[in-house]
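Trainee:
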Amino acid sequence: MYKRLLELDTQLLIYLNNLGTSSQDVFWYYITKIVFWIPLYLLFVYIVVKRFSKREALRILYTFIALITVALSLTYYVKEYVLRDRPVNNEGIFNLLRVNIQPIDYSFFSGHACNSFAITALFYLFVRKRVKNAWLFFLWPVLFSYSRIYFAVHFPSDVLVGALVGTTLALSFYMLYKKLFLRYNKSSIKA
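Counting in the numbering used here, the sequence shown tops out at residue 532, every number present.
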């Protein structure tokens, strides 16, 4: 069963990767670069600062910093434990792929997917009642994550697991935030 899932994962990767064309490469190259998304990160910060009190905005931003730290660390340690080669470094399928970039570290699970879904999901949870159509921000992690398949630096399962881990971390940090700071606010009101 596991072997069959890996075969399907590889077949899906080859199919999706080969949908790309050289004329699309530049677009996806910019999508996959973290620095390209800095304006979006700044927009997230701006919205939090504008839509929340100063005190709550600081708490939210600290929560984001903690979330990103945990997501980056977890991604690193899982990659070092699992040691799954990236598709572009897999000699068995290399000739079947369109290769444009070739990182040398490990593949499972996708840090791009984990971090982008973690950031977006946590942002969404905080602003969904304050920003109309906040769900549209999920276009970023979807495009960002797909770019990793487009360039064959991750298998689809790497991206899917990264997205699930990132979203789970965001939900956990949101619940922790609510538990800690709602309790803190209630105790400070009673004092």
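The beta carbon of each residue, even a glycine, is placed where N, CA and C say it ideally should be.
Please classify Y518 as buried or exposed, where buried requires at least 16 neighbouring CB atoms within 10 angstroms.
Mentor: Within the sequence shown, the letter at position 177 stands for residue 518. Answer is buried; the Cβ neighbour count reaches 16.
Trainee: Measure from the alpha carbon of S451 to the alpha carbon of each residue in L415, F479 and A398, then state which is nearest.
Mentor: Numbered from its first residue, the sequence shown carries residue 451 at position 110. Nearest C-alpha to S451: L415.
Trainee: What do you reckon, are the CB atoms on R392 and R469 nearer than 8 Å?
Mentor: Within the sequence shown, residue 392 is the residue found at index 51, counting from 1. Within the sequence shown, residue 469 is the residue found at index 128, counting from 1. Contact: no.
Trainee: For a quick check, are the C-beta atoms of A459 and L505 less than 8 Å apart?
Mentor: Position 118 of the sequence shown, counted from the first residue, corresponds to residue 459. Position 164 of the sequence shown, counted from the first residue, corresponds to residue 505. The answer is no: Cβ separation not under 8 Å.
Trainee: Looking at Y387 and L466, is the spacing between their C-beta atoms short of 8 Å?
Mentor: Reading the sequence shown from its first residue, position 125 is the one you call residue 466. Reading the sequence shown from its first residue, position 46 is the one you call residue 387. Against a cut-off of 8 Å, the Cβ pair of Y387 and L466 comes out as no contact.
Trainee: Please report the straight-line C-alpha distance between A454 and V500, rounded to a whole angstrom.
Mentor: Mapped onto the sequence shown, residue 454 falls at position 113. Mapped onto the sequence shown, residue 500 falls at position 159. Their Cα atoms are separated by approximately 6 Å.
Trainee: Return the chain-ordered list of same chain residues with a C-beta closer than 7 Å to the C-beta of I434, the five sequence neighbours on each side being excluded.
Mentor: Against the sequence shown, residue 434 aligns to sequence position 93. Around I434: T351, I355 and P428.
Trainee: Between L357, L480 and R345, which lies nearest to I372 when the distance is taken from Cα to Cα?
Mentor: Position 31 of the sequence shown, counted from the start, is the residue given in the question as residue 372. For I372, the nearest C-alpha among the options comes from L480.
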